[in-house]
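In the order they appear, the protein sequences are chains V and B. Under my numbering, residues 1 to 326 are what the first sequence spells out, in order. Under my numbering, residues 327 to 857 are what the second sequence spells out, in order. Glycine included, each C-beta is placed from N, C-alpha and C at the ideal position.
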Amino acid sequence: MAATTREAHLLSAQKTNPLTWWLAGLSLAVVASLTGNVFVLVGICVASLLTIRLCRDESPWAQSISFYIKLAAIVVALRVLFRIIFNLGSSTKDALFILPSIDLDFGFGNALKLFGPISQEAFTLALADGFRLAAIILAVGMANSLANPRKLLKSTPGALYEIATAISIAINLAPQLISSLGRVRRARSLRGQSKGIKAITGIVIPVLEDTIDQSMGLAASMSSRGFGRKGNRTNFQIIGARLLAFLAICLIVIGSALLLFSPDQQAVQLTVLLVGLVAAGFSVKLSSARATITRYRKEPWRLGDVIILCVSVLLMVLAFGGVFAR
Amino acid sequence: MIQLKDLSFSYLKSDGTKVSETPQLNNVNLRINAGEFVLVCGPTGSGKSTFLKALNGLAPSFTGGVITGELIIDGKNLLGLEPHEFASLVGFVNQQPENAFVGDTVIDEIVYCAEQLGIAIPQIKESVAKISELLEISDLLERPLATLSGGQQQRVAIASALVAGQKILLLDEPTSALDLQGAAEVLRVLQRLTSEEGVTVLLAEHRISRVIAAVDSVLVVHGDGSVTKGPTSTQFNDSRFAPPIIELGLKLGWKPLPVSTHDANVMWQKTNPKFENKTPFAPTEDVLTVEDLEVNFGSVQALQKTSFSLQGNQVTALMGENGSGKTTLCWAIQGSGTRTKGTVKTYKGDTAQLGANERLEVLTMVPQRAADLLFLSTLSAELEESDRFAEVEPGSTAKQFKSLAGRIDTSIHPRDLSAGQQLSLVLAIQLVKQAKILILDEPTRGLDYSAKHALAKQLNSLRSADRSVLIATHDIEFVAMVADRVLVLEEGKLVTDSSPIEVLGAGKKFASQLAEISNQPGLISLEQVQL
Numbered sequence: 001m002a003a004t005t006r007e008a009h010l011l012s013a014q015k016t017n018p019l020t021w022w023l024a025g026l027s028l029a030v031v032a033s034l035t036g037n038v039f040v041l042v043g044i045c046v047a048s049l050l051t052i053r054l055c056r057d058e059s060p061w062a063q064s065i066s067f068y069i070k071l072a073a074i075v076v077a078l079r080v081l082f083r084i085i086f087n088l089g090s091s092t093k094d095a096l097f098i099l100p101s102i103d104l105d106f107g108f109g110n111a112l113k114l115f116g117p118i119s120q121e122a123f124t125l126a127l128a129d130g131f132r133l134a135a136i137i138l139a140v141g142m143a144n145s146l147a148n149p150r151k152l153l154k155s156t157p158g159a160l161y162e163i164a165t166a167i168s169i170a171i172n173l174a175p176q177l178i179s180s181l182g183r184v185r186r187a188r189s190l191r192g193q194s195k196g197i198k199a200i201t202g203i204v205i206p207v208l209e210d211t212i213d214q215s216m217g218l219a220a221s222m223s224s225r226g227f228g229r230k231g232n233r234t235n236f237q238i239i240g241a242r243l244l245a246f247l248a249i250c251l252i253v254i255g256s257a258l259l260l261f262s263p264d265q266q267a268v269q270l271t272v273l274l275v276g277l278v279a280a281g282f283s284v285k286l287s288s289a290r291a292t293i294t295r296y297r298k299e300p301w302r303l304g305d306v307i308i309l310c311v312s313v314l315l316m317v318l319a320f321g322g323v324f325a326r
Numbered sequence: 327m328i329q330l331k332d333l334s335f336s337y338l339k340s341d342g343t344k345v346s347e348t349p350q351l352n353n354v355n356l357r358i359n360a361g362e363f364v365l366v367c368g369p370t371g372s373g374k375s376t377f378l379k380a381l382n383g384l385a386p387s388f389t390g391g392v393i394t395g396e397l398i399i400d401g402k403n404l405l406g407l408e409p410h411e412f413a414s415l416v417g418f419v420n421q422q423p424e425n426a427f428v429g430d431t432v433i434d435e436i437v438y439c440a441e442q443l444g445i446a447i448p449q450i451k452e453s454v455a456k457i458s459e460l461l462e463i464s465d466l467l468e469r470p471l472a473t474l475s476g477g478q479q480q481r482v483a484i485a486s487a488l489v490a491g492q493k494i495l496l497l498d499e500p501t502s503a504l505d506l507q508g509a510a511e512v513l514r515v516l517q518r519l520t521s522e523e524g525v526t527v528l529l530a531e532h533r534i535s536r537v538i539a540a541v542d543s544v545l546v547v548h549g550d551g552s553v554t555k556g557p558t559s560t561q562f563n564d565s566r567f568a569p570p571i572i573e574l575g576l577k578l579g580w581k582p583l584p585v586s587t588h589d590a591n592v593m594w595q596k597t598n599p600k601f602e603n604k605t606p607f608a609p610t611e612d613v614l615t616v617e618d619l620e621v622n623f624g625s626v627q628a629l630q631k632t633s634f635s636l637q638g639n640q641v642t643a644l645m646g647e648n649g650s651g652k653t654t655l656c657w658a659i660q661g662s663g664t665r666t667k668g669t670v671k672t673y674k675g676d677t678a679q680l681g682a683n684e685r686l687e688v689l690t691m692v693p694q695r696a697a698d699l700l701f702l703s704t705l706s707a708e709l710e711e712s713d714r715f716a717e718v719e720p721g722s723t724a725k726q727f728k729s730l731a732g733r734i735d736t737s738i739h740p741r742d743l744s745a746g747q748q749l750s751l752v753l754a755i756q757l758v759k760q761a762k763i764l765i766l767d768e769p770t771r772g773l774d775y776s777a778k779h780a781l782a783k784q785l786n787s788l789r790s791a792d793r794s795v796l797i798a799t800h801d802i803e804f805v806a807m808v809a810d811r812v813l814v815l816e817e818g819k820l821v822t823d824s825s826p827i828e829v830l831g832a833g834k835k836f837a838s839q840l841a842e843i844s845n846q847p848g849l850i851s852l853e854q855v856q857l
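Following this line, the structure appears as C-alpha cells:
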C-alpha cells in the first residue's frame with residue numbers, strides 16, 4: 001500500500017460511473033443508520049476509507065477526504081464527551097469509571113447533573129451513536145471523493161439536468177472560494193489597515209464579489225452557449241415535469257424518514273416510498289421524452305459498476321432483514 | 327450579416343432611473359458584412375464590452391439595463407431575446423476562458439454548446455473534427471483544461487463557441503491575459519476563421535498594435551454613446567486609444583496612415599526621420615538585494631537560483647512569458663510569498679522576517695488584481711482610510727489619485743471604476759505610504775493607451791524622486807516607454823539582465839514595434855522620435 005499505484009483498475013473512479021458511487025455511499029449510509037452494532041459501524045468506516053484509498057484518481061475532489069475524516073473524528077469524540085458531561089443518570093453499579101459529579105440547580109425542574117458515574121452500557125451506546133454519524137459522514141465522503149461532479153452531471157437524466165447543473169456549480173465553487181480567499185488575504189496584507197476598520201470586511205467583501213462575479217461569468221458563458229433553451233417543449237410540460245419531480249422527492253424523503261425513525265407500520269411507509277419512486281420515474285420519463293439536449297458521450301455502465309451496486313444492494317438487504325427480524 | 331438600426335442601450339439604477347443622461351449606446355446605426363473581421367476599440371470604460379454583449383443578448387440579460395431599436399442578425403430582428411436564443415447564430419468568447427469553462431476536458435468543453443442545442447451525435451463528431459483542426463487543437467482533445475496554456479485555453483474557448491456552426495464570433499479582450507506567443511496564436515486562428523470559413527469576427531481589444539494590420543475595419547465605441555465604423559486608417563483621430571504605430575504616423579504626418587509594420591517600414595525608409603538616443607538614468611545606491619533566491623512548489627521548480635539588486639532612481643522591468651515565474655518572484659521579494667531558499671535584504675532586514683506593516687514602510691506592491699485591495703463602499707471612504715493608515719495629511723491620497731486618474735465623483739463604489747481607474751486608486755493608496763520600493767505586477771492589463779501614458783508619466787516622476795520600481799509585465803511597448811533596465815525570466819531562470827535597447831531592439835525576441843518599423847539600433851520608443 002505504501003506506493004499507491006494509480007493505474008485504472010476495474011473499480012477505480014475513472015472507470016466507474018459516478019452515480020454508482022453515490023448509490024453505494026447512500027446505501028452504506030442507510031445501512032449505518034439502521035444498525036446499532038459498533039463493530040458493523042466501525043467496519044463501514046474502514047470500508048469507506050479503504051475504498052477511497054483503492055479507487056480514487058488524481059482529481060481535486062479526491063483530496064477532500066481528509067476533511068471528512070477530521071469531521072468524523074470530531075463527531076465521535078464530541079458524542080462521547082457529551083455523554084460523559086451531560087450524564088443522564090447512570091447507576092454506580094456497573095460503572096465503567098466514576099467522575100466526581102456536579103449538580104447544577106437553576107431552580108426549575110430537576111437539577112442538571114454533570115459528570116458522575118458512566119456505565120458500560122451508556123458508554124457503548126454513546127460510542128455507537130458517534131460511530132453511526134461518523135459512518136454516514138465517511139460514506140457520503142466516499143461518494144463525494146470518488147464521483148467526479150462534472151461526470152455526474154453528464155449521467156443525470158434530462159429531467160434533473162437543471163438541478164444537477166446547480167449542484168455541480170456549487171460543488172465547483174468551493175475550491176474556487178478557497179483560492180480566492182487565499183489571494184485576497186495576501187492582497188490585504190499589501191494594503192495594511194488602520195485600527196478603525198474591521199479586518200473581516202476587508203476579506204469577506206472582495207471574496208464574495210469575486211465569487212459572485214465568477215458565477216455570473218460562468219452563467220453568462222453557459223447561457224450564450226444555449227443552456228436553458230426550452231427547445232420545442234411547452235411551458236406546461238416543463239412545469240408539469242418539475243412539479244412531479246418535486247412531489248417525488250418529497251415522497252421519497254418522507255417515506256425513508258418514516259421508515260428509519262419509526263420502524264412500525266411498515267406497509268404505509270413502504271407505500272409512500274414506492275409511490276415516490278414511481279412518480280420520480282414518470283417525471284424523468286416525461287422530461288426526457290422530448291429532451292432538447294444531446295449527450296455526446298454518455299457515461300456507460302461497466303462491470304465494475306455492477307459489482308459495486310450488487311454489493312450495496314446485498315448490504316441493504318441484510319440491514320433491512322436485520323431490522324425486520326427484530 | 328449584422329445590422330443595427332437605432333440601437334440604444336442604457337444602464338438603470340436600482341430605482342429604475344437611468345444611470346446617466348447619455349446612454350451607453352445612443353442610436354447606433356451600422357452594418358457588418360458576412361466574413362468581415364472587425365476590431366472594436368475605444369478608451370477604457372467606453373462600453374466596448376457592453377456593445378459586444380448587446381449583440382448576443384447578454385446585455386441586458388446579464389448586465390441589467392434597457393435596450394431599444396433593432397438588432398437584425400441573418401435577416402431576423404432578435405432584439406430582446408435571451409442569450410440562449412442567440413446561441414446557434416453567435417458565439418461569445420470571454421476575457422478569461424478558465425472562468426467560463428463548464429467541462430473537465432477539452433472535448434467536453436467543445437461539445438457543450440452542440441449538446442445544448444440538441445445537435446445529433448454524428449453531426450457533432452463531424453464538426454468537432456473540423457473545428458479542432460481549424461483551431462489547431464486536434465491533439466489536445468482528451469487533455470484536462472487545467473493543463474493547457476492560456477493561448478490553448480483561449481483557442482478551446484473559440485472552438486466551443488463555433489462548434490454549432492455559428493457564423494458570428496464575438497471576442498471580449500481575448501488576448502489581454504496572454505503573453506506574446508499566446509496572443510499571436512489566437513490572432514492567427516482568427517484570421518484563418520474569417521478568410522477560410524467566412525466567419526464574421528468582432529474583436530474587442532486594448533492591445534491593438536499588432537491586430538490592426540489584420541482586420542478589415544475598425545469600430546470605435548467613443549464613450550459618449552456614439553459608435554462609428556470605417557476603414558482602419560480613418561478611425562484613430564482620438565489618440566486616447568491609438569496604438570504606437572498610428573501615433574507614429576500621426577506624429578510624423580504620414581499620409582496615407584500606415585497600419586501594418588511593413589507599410590510603416592516603407593514610409594520610414596522614404597522619410598528617414600531623426601531620433602535621439604535614450605540617455606540612461608544614473609542609478610543611486612542599492613535599495614534591495616536578492617541573493618540566491620529559489621522557489622519550489624512541491625516538485626516544480628518555479629524559480630531557479632536568482633541573484634540581483636534593485637537601485638534607487640531606476641525603473642526595472644521583469645519580462646517573460648506566462649508561467650515563467652514573474653509573479654512568483656514578485657511575491658517572494660515582497661516577503662509573504664513562498665521561498666525555498668535565499669534572502670531579500672533591505673535596510674530594515676530580510677523582507678520575509680518583517681511584519682506586514684513594517685514591510686509596507688520598505689516596499690509596497692500592486693498585485694495583478696488590484697481590485698483585491700479595495701473593500702470599502704465608496705471611493706471617498708477608501709481615500710480617507712488610506713490617509714489614516716499612512717498617517718499623512720487628510721486629502722493626500724485624493725490628491726495623488728487625481729494626478730493619476732483626473733477628477734472623479736468620490737461617492738461612487740470603487741467596483742464601478744474602470745480597470746484603469748481602479749489601478750490608479752490602488753497605486754495612489756500604495757504611493758502615499760512613501761516606501762522607497764514599488765512592485766507592480768502586470769499593471770497595464772486592461773489599460774488603454776492614454777491610461778498607459780498616464781502611468782508611464784507617474785513612474786517617471788517616481789524615478790526622479792529616487793524611488794525604485796519593479797514592473798512585471800509582458801507589455802513590450804510599455805517597457806520600451808518606461809524601463810531603465812530589463813530582467814528576463816525563462817522557465818524560472820533569470821536569463822537576461824540588460825538595458826532596454828539590448829532586449830527590445832530591432833531583431834531581438836522582444837523587439838518593440840517601433841524597433842521593427844525603423845530597424846534602427848538604439849530606437850525602441852516613440853518618445854525618441856523627433857520632428
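Check                                                                                                                 : Outcome
Range covered by the alpha helix (DSSP H) that runs through Phe328(V)                                                 : No answer is possible for residue 328(V): it lies beyond the span of chain V, which begins at 1 and ends at 326.
Pro693(B) - DSSP class collapsed to helix/strand/coil                                                                 : coil
Opening and closing residue of the beta strand (DSSP E) in which Ala761(B) lies                                       : No beta strand (DSSP E) contains Ala761(B), which DSSP labels as neither H nor E.
Below-8 Å beta-carbon distance, Thr294(V) vs any chain B residue                                                      : yes
Below-8 Å beta-carbon distance, Ser145(V) vs any chain B residue                                                      : no
Residue range of the alpha helix (DSSP H) that includes Lys374(B)                                                     : 374 to 380
Distance, Ser458(B) Cα to Asp434(B) Cα                                                                                : 13 Å
Listed by chain order, chain V residues near Arg481(B) by CB distance under 7 Å                                       : None at all; the shortest Cβ gap to chain V is about 16 Å.
Residue nearest to Lys451(B) in terms of C-alpha spacing, selected from Ile484(B), Ile755(B), Gly491(B)               : Gly491(B)
Neighbour-count burial assignment, Asp801(B), 16 or more Cβ in a 10 Å radius                                          : buried
Reduced DSSP category for Lys339(B) - H, G, I as helix; E, B as strand; rest coil                                     : coil
Close beta carbons around Arg481(B), own chain, < 8 Å, minus the five adjacent residues each side                     : Leu461, Glu462, Ile463, Glu511, Val512, Val515
Listed by chain order, chain C residues near Val621(B) by CB distance under 8 Å                                       : Given the protein chain composition of this structure (V and B), no chain C is represented.
DSSP-derived helix/strand/coil call for Pro470(B)                                                                     : strand
Distance between Lys600(B) and Gln442(B) (C-alpha atoms, nearest Å)                                                   : 59 Å
Collapsed DSSP secondary structure at Thr4(V) in the structure displayed                                              : Low per-residue confidence applies at Thr4(V): pLDDT is 40, beneath 50, and the placement is therefore not dependable, though the value from the model is reported in the following sentence. Three-state result, Thr4(V): coil.
Val718(B) to Glu708(B) span [Cα, whole Å]                                                                             : 14 Å
Cutoff 6 Å; reference Leu545(B); Cβ partners in own chain excluding five residues on either side                      : Val364, Val366, Lys555
Leu852(B) beta carbon less than 8 Å from that of Leu574(B)                                                            : yes
Residues from the stretch 641 to 669 of chain B in contact with chain V, defined by Cβ distance under 9 Å             : Trp657, Gln660, Ser662, Gly663
Where the beta strand (DSSP E) containing Phe363(B) begins and where it ends                                          : 363 to 367
Distance between beta carbons of Leu41(V) and Arg132(V), contact taken as under 8 Å                                   : 6 Å
Interface positions of the stretch 334 to 359 of chain B facing chain V (Cβ-Cβ less than 7 Å), listed along the chain : none
Under 8 Å between C-beta atoms of Ala143(V) and Trp301(V)                                                             : no
Within chain B, the residues that Gln193(V) reaches when beta carbons sit closer than 8 Å                             : Glu711, Phe715
Boundaries of the alpha helix (DSSP H) in which Glu620(B) is found, first to last residue                             : That residue, Glu620(B), is in no alpha helix (DSSP H); its beta strand (DSSP E) goes 612 to 623.
Selected residue, minimal CA-CA separation from Tyr337(B), among Glu362(B), Glu617(B), Thr389(B), Gln640(B)           : Thr389(B)
Asn403(B) - partner residues in DSSP beta bridges                                                                     : Ile398(B)
Limits of the alpha helix (DSSP H) - the one that Gln442(B) falls within                                              : 432 to 442
DSSP three-state assignment for Val419(B), whether helix, strand or coil                                              : strand
Proximal residues to Leu502(B) (C-beta, below 8 Å), its chain only, five neighbours per side dropped                  : Before going on, a small fix: residue 502(B) reads as Ser here, not Leu. So the qualifying residues of the chain are Gln421, Glu531, His532, Arg533, Arg771, Gly772.
Residue(s) in a DSSP beta bridge with Thr275(V)                                                                       : Sequence inspection shows Val at residue 275(V); the Thr mentioned does not correspond to that position. Looking at the DSSP assignment, Val275(V) forms no beta bridge with any residue, so it has no partner.
Residue nearest to Leu26(V) in terms of C-alpha spacing, selected from Phe320(V), Gly322(V), Val323(V), Met316(V)     : Met316(V)
Reduced DSSP category for Ala213(V) - H, G, I as helix; E, B as strand; rest coil                                     : Reading the sequence as shown, one finds Asp at residue 213(V) and not Ala. In this structure, Asp213(V) counts as helix in the three-state DSSP scheme.
DSSP three-state assignment for Val812(B), whether helix, strand or coil                                              : strand
Best match in Thr605(B), Pro409(B), Asp505(B) for proximity to Gln854(B) [C-alpha to C-alpha]                         : Thr605(B)
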